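Going by this note's numbering, the final residue of the sequence shown carries number 654, and the count climbs one at a time with no gaps.
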Amino acid sequence: MIVDRLLYARALGGGGFIIQTLAQARRLVIEQDTPLFYEEYAPHPFADTALFLGSTALQIAWLLPLFVRPGADQQDDEDEEKSVGLPADEITLVDNLHELGAPPPIEPDAAQLAYLPTYAVCSLLTALWTPFFLEQNYIVCEAILTLAVFIHLYSLFTPFLHTPVLRSRKHILTHLVAKSSTGLAILYMWKTWGALGGTGAPTTSTQGISAMIFLTIALATGPDPLVPAALILDVPGEAWRSTFRCIAVLLGAVVVVEWILLGRPGLRWGAEEEVDKAREREEEDGYANEETVFDADEEMEAQKTSPRIRQGVPRRAD
């Protein structure tokens, strides 16, 4: 039922957003007055806040349609999309409400429903990470964030959560939230790893491994540049700022290349919709050809069974 799906979406989305936002806001306030002893690994002081605020704004825009009914003009544009994939009885219910002039029920889209379990679980893990981080229990923090990052990447790299749908133009907010949340989880993992590493400056091997990890994630999450852009915000302290600037330049090149790839057919957002439309046109053409052949067969049968043809032509006398 529509109501059941709506309650399910509101519970997961609203609960996950409130828990995560309150926990991270509390951590940011406490850290303002707490000096960092792991300055060599610490992200830029504005990176954490900027990415948190940007991700929170995206999540609000993403969850708002679950609680606020869209306007009349926007509703008309979405009527056809909402009926796709619904059972026949629910389609009839929506049509009847539309004929009576009553506003149709709020219906979350398929991509949002697919990503909401991941969003809720990762929000809970991020909120659970906060008190352990403030208590400097970094081993537990690293275990929690490792699980959170794995779940985020799993949702992006597997078809279980309908990744092609997340790339379509209709579900762009779901796509943005998924990628920005992944970047935020990686930032928290980097922050915890730095605190776990202590005050010593990173070695050359550590810097090289960090560069490879960041570039691998940036390339694997393409062709859009959201995760690489989030990773660029992870600028650490003075001890190896020059090294990370080189990494940021490489990530910037990845961002530029992926923006170019977004303009190619089959890679940009909405490419799946264009393929579906082309298939629909082919099916319509096939149906039209079948109808033409069927009409021709009927005409031939009618000619064969007509009285004039059955009686035949009289024979000529010799």
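Glycine included, every Cβ here is placed at the ideal spot set by N, Cα and C. Remember, it's a predicted structure, so these values are computed and weren't measured experimentally.
Inset, instruction - Drop a sphere of 10 angstroms on the beta-carbon of Met525, count the other beta-carbons inside from all chains shown, and report buried for 16 or more, exposed for fewer. - result: Working through the sequence shown from its first residue, we reach residue 525 at position 189. The residue is buried, with at least 16 neighbouring Cβ atoms inside 10 Å.
Legend entry - Simplified DSSP state of Ile442, which is helix, strand or coil: The residue you call residue 442 lines up with position 106 of the sequence shown. Coil, per DSSP.
Inset, instruction - Sort Leu523, Leu449, Leu364 and Ala450 by Cα distance to Thr482 and report the nearest one. - result: Within the sequence shown, residue 482 is the residue found at index 146, counting from 1. When each option's Cα is compared against that of Thr482, the closest is Leu523.
Inset, instruction - Report the residue from Leu562, Leu520 and Leu587 whose alpha carbon sits nearest the alpha carbon of Ile549. - result: Here residue 549 refers to the residue found at position 213 when the sequence shown is read from its first residue. Taking only the C-alpha atoms, the option nearest Ile549 is Leu587.
Inset, instruction - Quick one: residues in its chain with C-beta nearer than 7 Å to the C-beta of Leu452, no 5 flanking neighbours on either side, listed in chain order? - result: Within the sequence shown, residue 452 is the residue found at index 116, counting from 1. Cβ neighbours of Leu452 beyond the five flanking positions: Ala345, Leu348 and Gly349.
Inset, instruction - Measuring alpha carbon to alpha carbon, tell me which of Leu532, Glu443 and Tyr455 ends up nearest Leu394. - result: Residue mapping note: residue 394 aligns to position 58 of the sequence shown, counting from 1. With distances taken between Cα atoms, Leu394 lies closest to Tyr455.
Inset, instruction - Output the distance between the C-alpha atoms of Phe388 and Ala361, rounded to the nearest integer angstrom. - result: In the sequence shown, the residue the question calls residue 388 occupies position 52. In the sequence shown, the residue the question calls residue 361 occupies position 25. Rounded to the nearest angstrom, the two C-alpha atoms are 9 Å apart.
Inset, instruction - Compute the Euclidean distance between the alpha carbons of Gly390 and Phe353, then round it to the nearest angstrom. - result: The residue given as residue 390 occupies position 54 in the sequence shown. The residue given as residue 353 occupies position 17 in the sequence shown. Near 14 Å, if we compare the C-alpha coordinates of Phe353 and Gly390.
Legend entry - Own chain residues within Cβ distance below 7 Å of Cys477, not counting five before or after: Looking up residue 477 in the sequence shown gives position 141. Result list for Cys477: Trp465, Phe468, Phe469 and Thr528, in chain order.
Inset, instruction - Within the same chain, show all residues whose beta-carbon is closer than 7 Å to that of Tyr474, passing over the 5 residues directly before and after it, in chain order. - result: In the sequence shown, the residue the question calls residue 474 occupies position 138. Correct list, in chain order: Thr528, Ala531 and Leu532.
Inset, instruction - Compute the distance between the beta-carbons of Ala463 and Gln356, then report whether it is under 7 Å. - result: On the sequence shown, residue 463 is found 127 positions in, with the first residue counted as 1. On the sequence shown, residue 356 is found 20 positions in, with the first residue counted as 1. In this structure, Gln356 lies closer than 7 Å to Ala463 by Cβ.
Legend entry - Range of the contiguous alpha helix (DSSP H) that encloses Gln543: Sequence index remark: in the sequence shown, residue 543 carries index 207 (1-based). Here the alpha helix (DSSP H) through Gln543 covers Thr540 to Ala556.
Inset, instruction - Tell me whether Ala347 sits in a helix, a strand or coil according to DSSP, three-state version. - result: Position 11 of the sequence shown, counted from the start, is the residue given in the question as residue 347. In this structure, Ala347 counts as helix in the three-state DSSP scheme.
Legend entry - Backbone secondary structure at Val404 - three-state DSSP: In the sequence shown, the residue the question calls residue 404 occupies position 68. In this structure, Val404 counts as coil in the three-state DSSP scheme.
Legend entry - Supposed close pair His507, Gln448 - CB separation, criterion 8 Å: In the sequence shown, counting from the first residue as 1, residue 507 sits at position 171. In the sequence shown, counting from the first residue as 1, residue 448 sits at position 112. The Cβ separation is near 7 Å, so the contact holds.
Legend entry - Rounded distance between the beta-carbons of Lys515 and Val590, thought under 8 Å: As a position in the sequence shown, residue 590 is number 254, starting the count at 1. As a position in the sequence shown, residue 515 is number 179, starting the count at 1. In fact, because the Cβ distance is near 14 Å, the residues do not count as touching under 8 Å.
Inset, instruction - Could you tell me if Val513 is buried or exposed, where buried requires 16 or more neighbouring beta carbons within 10 angstroms of its beta carbon? - result: Mapped onto the sequence shown, residue 513 falls at position 177. It counts as buried.
Legend entry - Among Ser517, Leu399, Thr370 and Thr518, the one whose alpha carbon lies nearest that of Glu443: Stepping through the sequence shown from its first residue, residue 443 is reached at position 107. Measuring from the Cα of Glu443, the nearest candidate turns out to be Leu399.
Inset, instruction - Give the single residue among Gly544, Val593, Ile396 and Thr385 whose Cα lies nearest to the Cα of Cys582. - result: Within the sequence shown, the letter at position 246 stands for residue 582. Of Gly544, Val593, Ile396 and Thr385, the residue nearest in Cα terms is Gly544.
Legend entry - Option nearest Gln472 by Cα separation, candidates Thr540, Arg405, Val457 and Arg363: Taking the first residue of the sequence shown as position 1, residue 472 is located at position 136. Of the candidates Thr540, Arg405, Val457 and Arg363, the one whose C-alpha sits nearest the C-alpha of Gln472 is Arg363.
Inset, instruction - Could you tell me whether the Cβ atoms of Ala484 and Leu461 are closer together than 7 Å? - result: For the purposes of this step, residue 484 is identified with residue 148 of the sequence shown, where counting begins at 1. For the purposes of this step, residue 461 is identified with residue 125 of the sequence shown, where counting begins at 1. Result yes, Cβ atoms of Ala484 and Leu461 sit closer than 7 Å.
Inset, instruction - Could you check which residue in Leu402, Ala556 and Ala359 has the C-alpha nearest to that of Ser459? - result: The residue you call residue 459 lines up with position 123 of the sequence shown. Comparing Cα positions, the closest option is Ala359.
Inset, instruction - Starting from the C-beta of Leu520, find all residues in its chain whose C-beta is less than 6 Å away, skip the five residues before and the five after it, and write them out in chain order. - result: Within the sequence shown, numbered from 1, the residue matching residue 520 stands at position 184. For Leu520, where only same-chain residues beyond five positions count, the Cβ hits under 6 Å are Leu387 and Ser391.
Legend entry - Check whether Leu509 and Ala397 have beta carbons under 7 Å apart: Residue numbering aside, residue 509 sits at position 173 when the sequence shown is read from its first letter. Residue numbering aside, residue 397 sits at position 61 when the sequence shown is read from its first letter. Result yes, Cβ atoms of Leu509 and Ala397 sit closer than 7 Å.
Inset, instruction - Give the straight-line distance between the Cα atoms of Asp340 and Tyr490, rounded to the nearest whole angstrom. - result: For the purposes of this step, residue 340 is taken as the residue at position 4 of the sequence shown. For the purposes of this step, residue 490 is taken as the residue at position 154 of the sequence shown. If I take the Cα positions, the gap works out to 26 Å.
Legend entry - DSSP-derived helix/strand/coil call for Glu478: Along the sequence shown, one-based indexing puts residue 478 at 142. The answer is helix: DSSP assigns Glu478 an H, G or I state.
Legend entry - Collapsed DSSP secondary structure at Gln472 in the structure displayed: What you label residue 472 is simply residue 136 of the sequence shown in a count that begins at 1. Coil at Gln472, not helix or strand.
Inset, instruction - Return helix, strand or coil for Thr326, following the three-state DSSP convention. - result: What is shown of the chain runs 337 to 654, which leaves residue 326 out entirely.
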